[in-house]
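Peer 1:
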Amino acid sequence: MRLILTISCLVVLSMLYSDSVATSLPPYCSFTPQQGPTKIPQPNIDPSQKPQLQMVVTVIRHGDRIVSADSICWPDDTAVYNCSLNAVGVPTTLAASTTQQTVDSPSVVYSSSFLPGRNFYKGNCNVGQLTLKGSSQEVANGNMLRGVYVKPPVGTKNPNVTQFLPQNYSASAIYMRSDYEGRTIQSAQSLMLGLYPPSNEAMPKGKTQIRNLVSMDPYYDDMQPNYRLCPILSEYLKEYTTTPEYTSVYNSQIVPLMASLETYLKRPVKTMSDIRHLFDCFNVHLCHNFPIPVPMSIYQDVVDAYTWDKKMEYNYPTPQKFAQAGMGFLLEEIATFLKAPIFGNQTTQFALISGHDTTLAPILVALGVWDGVWTPYASMINFELYKYQTSGKFYVRVLYNGSEIKLPAPCSAVLCPSDVFFNQFLGPILPTTCV
């Protein structure tokens with residue numbers, strides 16, 4: 069069996085080692101706001117087909133954040149997190165489903181922030197809080213999407229095929245959803261600030277624009293694999309770690325890695341949960357230019373271990389069965405949005421779903437297109453539905469971080485006929501019966 073890790077034999081040298089700082093940011097940190105995301109390319113469609121983009125569903129991971137669990141990373145951690153990104157708001161009885169475009173400007177709004185020095189981690193940040201950099205990453209995503217999807221000013225010659233959204237924000241054109249976490253809510257809001265900058269919106273005097281965002285508590289949320297929606301998932305999550313393939317790698321490679329980590333960190337590292345937490349700790353520290361108390365080779369071993377564990381989880385007992393029990397519910401929602409123009413019941417043009425790395429990664433696995441690299445901050449998957457006006461046929465295109473995805477069989481193409489995509493490709497991974 070091919071080894072998935074190369075455990076560094078540096079334990080005996082640990083007393084000679086000083087903290088590591090990455091010479092360049094790991095891929096996990098994603099793009100800087102100055103660099104911007106990779107721009108979505110125009111589809112390769114014969115113009116004689118008169119293609120029109122009908123619907124887009126964009127699924128994002130939140131932007132840069134601090135450590136997401138209230139558990140120490142290692143003793144004497146010196147990292148101090150300063151969060152300048154706060155929130156302002158006002159209580160309201162306005163229904164989330166309203167199509168109302170404006171409201172009277174409030175005479176007062178409330179600013180909320182966290183007391184410095186009174187939180188789990190040093191500084192003034194809540195656990196898992198979105199940073200200003202993370203918000204800026206999502207604004208950059210929105211700016212890129214505006215150039216791709218929003219109609220150009222009237223009179224522009226040869227607008228792109230993809231430019232179909234109205235010039236100004238419209239509650240009837242835009243749907244926003246996140247889970248209950250503050251970082252996903254603010255990431256959705258930030259992306260929308262880039263897609264529809266407030267400076268472009270001409271508001272009547274004394275009026276404030278309303279932008280609706282819906283959420284739900286986590287109990288039945290399908291933003292991540294949720295055993296409450298499909299109880300058999302809890303059995304899968306228990307069983308995948310007991311397979312011979314898993315236990316072989318775990319005993320031969322993960323256990324020695326844990327021993328190495330204990331030597332460097334001077335703290336117990338006994339379970340895969342410890343590895344998962346350290347994966348987060350190491351990445352957050354490196355993304356914020358804080359040192360980590362292990363060599364970069366050990367950091368890479370932890371990345372490989374975490375990624376291997378998630379690969380095993382998302383493919384057990386088969387990718388199709390895990391998808392049905394795990395991400396099939398969210399994929400079914402996405403399919404409903406995409407099908408609406410085909411069946412003449414379209415209620416929106418652009419649906420934004422703001423989640424986590426554990427939203428995007430299992431979707432990519434379910435689609436059979438995951439490249440094995442863990443999902444960076446501010447990543448996005450775009451599902452597009454095109455109509456060929458000449459033939460009346462519909463096609464689906466999927467992109468990940470700006471790159472077109474050639475979907476596997478039965479699609480076997482970048483542009484997949486809608487009937488093949490929904491019935492033959494997506495159909496088998498949607499939930500059927502859950503026991």
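Here our numbering is used: the first residue of the sequence shown is 69, the next is one more, and so on.
Where is the CB? At the ideal position from N, CA and C, for every residue including glycine.
Tell me the rounded alpha-carbon separation between methionine 123 and arginine 186.
Peer 2: Roughly 45 Å separates the two Cα atoms.
Peer 1: Among all the DSSP beta bridges, which residues are the ones paired with threonine 170?
Peer 2: Note: threonine 170 sits in a beta bridge opposite Gln277.
Peer 1: Closest by CA to threonine 427, which one among Phe418, Cys502 and Asp290?
Peer 2: Residue Asp290 is the option with its Cα nearest to threonine 427.
Peer 1: Buried or exposed: proline 323, going by 16 or more other Cβ atoms within 10 Å of its Cβ?
Peer 2: The identity of residue 323 in the sequence shown is valine, whereas the question assumes proline. It counts as exposed.
Peer 1: Starting from the Cα of proline 444, find the closest Cα among Cys479, Cys355 and Ala270 and give me that residue.
Peer 2: Out of Cys479, Cys355 and Ala270, Cys355 has the C-alpha closest to the C-alpha of proline 444.
Peer 1: Mapping DSSP to helix, strand and coil, what is tyrosine 454?
Peer 2: The answer is strand: DSSP assigns tyrosine 454 an E or B state.
Peer 1: For threonine 126, which three-state DSSP category applies?
Peer 2: Strand at threonine 126.
Peer 1: Using the Cα positions of threonine 386 and arginine 251, report the straight-line distance between them to the nearest angstrom.
Peer 2: About 32 Å.
Peer 1: Locate the alpha helix (DSSP H) running through tyrosine 217, then write down its first and last residues.
Peer 2: Element bounds for tyrosine 217: 200 to 217.
Peer 1: Around the Cβ of arginine 296, are there at least 16 other Cβ atoms within 10 angstroms (buried) or fewer (exposed)?
Peer 2: Arginine 296 is exposed by the Cβ-count criterion.
Peer 1: Assign isoleucine 360 to one of three DSSP states: helix, strand, or coil.
Peer 2: Looking at isoleucine 360 - three-state DSSP - the assignment turns out to be strand.
Peer 1: Which residues in the same chain as cysteine 97 place their Cβ atom closer than 8 Å to its Cβ, once the five residues preceding and following it in sequence are excluded?
Peer 2: Correct list, in chain order: Asp132, Asn351, Leu354, Cys355, Pro444 and Tyr445.
Peer 1: Can you find the residues in the same chain that come closer than 7 Å, C-beta to C-beta, to serine 204, ignoring five residues on each side of it along the sequence?
Peer 2: Counting only Cβ-Cβ distances below 7 Å, and skipping sequence neighbours, we find Pro101.
Peer 1: Considering only C-alpha positions, which residue in the set Asp172, Thr500, Val433 and Pro496 is nearest to tyrosine 384?
Peer 2: Of the candidates Asp172, Thr500, Val433 and Pro496, the one whose C-alpha sits nearest the C-alpha of tyrosine 384 is Val433.
Peer 1: Determine the contact status of alanine 155 and serine 422, defining contact as a CB-CB distance below 9 Å.
Peer 2: It is not a contact, given that the beta carbons lie outside the stated cut-off.
Peer 1: On the CB-based measure, 16 or more other CB atoms within 10 Å of its CB, does proline 105 come out buried or exposed?
Peer 2: Flag for proline 105 reads buried.
Peer 1: Near leucine 162, which residues of its chain fall below 8 Å by C-beta distance, leaving aside the five closest residues on each side in sequence?
Peer 2: Excluding residues within five positions, the ones whose Cβ falls inside 8 Å are Gln168, Val171 and Ile278.
Peer 1: Starting from the C-beta of phenylalanine 490, find all residues in its chain whose C-beta is less than 7 Å away, skip the five residues before and the five after it, and write them out in chain order.
Peer 2: Within the same chain, phenylalanine 490 has close Cβ partners Ala403 and Lys407.
Peer 1: If you check the beta carbons only, do phenylalanine 462 and proline 476 fall under 9 Å apart?
Peer 2: Cβ atoms of phenylalanine 462 and proline 476: not closer than 9 Å.
Peer 1: Span of the alpha helix (DSSP H) holding tyrosine 314?
Peer 2: Note, tyrosine 314: alpha helix (DSSP H), 312 to 317.
Peer 1: Where does cysteine 502 fall in DSSP's three states?
Peer 2: Coil at cysteine 502, not helix or strand.
Peer 1: Since arginine 483 is in the beta strand (DSSP E), which residue starts that stretch and which ends it?
Peer 2: Per the sequence shown, residue 483 should be read as leucine rather than arginine. Here the beta strand (DSSP E) through leucine 483 covers 483 to 485.
Peer 1: Between the C-alpha atoms of tyrosine 85 and alanine 137, what's the straight-line distance to the nearest angstrom?
Peer 2: Any reading at tyrosine 85 is ruled out, since the residue's pLDDT is 36, under 50, leaving its predicted position unreliable.
Peer 1: For arginine 214, which residues from the same chain have a beta carbon less than 7 Å from its beta carbon, with the 5 sequence-adjacent residues on both sides left out?
Peer 2: The residues are Gly262 and Leu263.
Peer 1: So the candidates are Met364, Glu330, Val370 and Ile360; which of them puts its Cα closest to the Cα of arginine 344?
Peer 2: Closest by alpha carbon: Val370.
Peer 1: Per DSSP, what kind of secondary structure is alanine 155 in: helix, strand or coil?
Peer 2: Of the three classes helix, strand and coil, the one that applies to alanine 155 here is strand, per DSSP.
Peer 1: Look up phenylalanine 414 in the DSSP assignment and give the residues it is bridged to.
Peer 2: First, the residue type needs correcting, since residue 414 is glutamine and not phenylalanine in the sequence shown. DSSP lists no partner for glutamine 414.
Peer 1: Please list, in chain order, all residues of the same chain as threonine 500 whose beta carbon is under 7 Å from its beta carbon, the five residues on each side excluded.
Peer 2: Within the same chain, threonine 500 has close Cβ partners Gln392.
Peer 1: What is the DSSP secondary structure of glutamate 401, counted as helix, strand or coil?
Peer 2: Looking at glutamate 401 - three-state DSSP - the assignment turns out to be helix.
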